[in-house]
Every structure is written in C-alpha cells, then in structure tokens.
Amino acid sequence: MKPLTSPKGVGKASPLLAAIVVALLCGAAACASEEGTTPTCNQDLDGNGHIDNVDNGCNPFASCVVNGKVAPATECCKDLTGYELQACLYGYGAGPEPTGGAGGGGGGN
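According to my numbering, the stretch in the sequence shown is residues -8 to 100, in order.
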C-alpha cells in the first residue's frame, strides 16, 4: 500500500488537505457572522393568510407599469372581465380576494 503523501508533505493528498483547511476556515467565518435582522416591514397577512394592502407591507403587491410609468391597476386589467378581472385587481392590491372562478373539469373516462 502506497502512502498518501510523500515524506516532505507534498503529494496527492496535499490539495485535499488544503481544501479541507479552507473549508474549515470558511465554515468558521460563516458561523461567526452576525445573526439575521428583524424585518422593518409591516405584517400584512390576516389570520387566514390573505394579504392586506398596507403601507410598507412585507408581501408587496405588483405595480402596474404602462409606458414606463406607474399606472392604476385598472389600466393593466382593462381588457379582462369576470373572475380574471377580480384576480388581476387583487394581484395589484386594488380589489378583494376573488371568489369563485372557472370550475375544474369532472374527469371521467
């Protein structure tokens, strides 16, 4: 059986040993870092997990951008009707959570 390193410490195992030392040093640095920070946003989920539109919410709604400028949500949803319109407005924080929608198929053979 051949030794893993030469008597001078230079051989096949040296790159592996160097990688282990580097990994240990990086791991030690990661564990020594500062703890996470507390978010500075406002909680915007209600008891049912629905997003409420509040200033500086933690789960912000999308912004409607038309021609590079922020526009009312109705501008981005203008070609929609029914459930799709409700869902679109809700996605921009401009309407209540949609109710109903297209029913699923009944499966079958």
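The beta-carbon is built from N, C-alpha and C at its ideal position, and this holds for glycine as well.
None of the values given here were measured: they were computed from a predicted structure.
Could you give the DSSP three-state label for residue i: helix, strand or coil?
i	result
residue 55	strand
residue 27	coil
residue 36	strand
Going by beta carbon distance, what residues of the same chain come within less than 7 Å of residue i, once the five residues before and after it are set aside?
i	result
residue 78	89
residue 40	none
residue 80	64, 68 and 86
residue 34	49
residue 91	74
residue 149	In the structure as shown, the chain begins at -8 and stops at 100. Residue 149 is therefore absent and cannot be evaluated.
Whose C-beta lies closer than 6 Å to the C-beta of residue i among residues of the same chain, with five residues either side of it excluded?
i	result
residue 52	83 and 84
residue 27	none
Would you give the residue range spanned by the beta strand (DSSP E) that residue i belongs to?
i	result
residue 62	60 to 62
Can you tell me where the alpha helix (DSSP H) holding residue i begins and where it ends?
i	result
residue 91	Per DSSP, residue 91 belongs to no alpha helix (DSSP H) and is neither H nor E.
residue 84	Segment: none, residue 84 is in no alpha helix (DSSP H) and carries neither H nor E.
Which same chain residues end up closer than 8 Å to residue i when comparing Cβ atoms and leaving out the 5 residues on each side of it in sequence?
i	result
residue 37	43
residue 57	66 and 67
residue 13	none
residue 54	61 and 83
residue 29	none
residue 46	33
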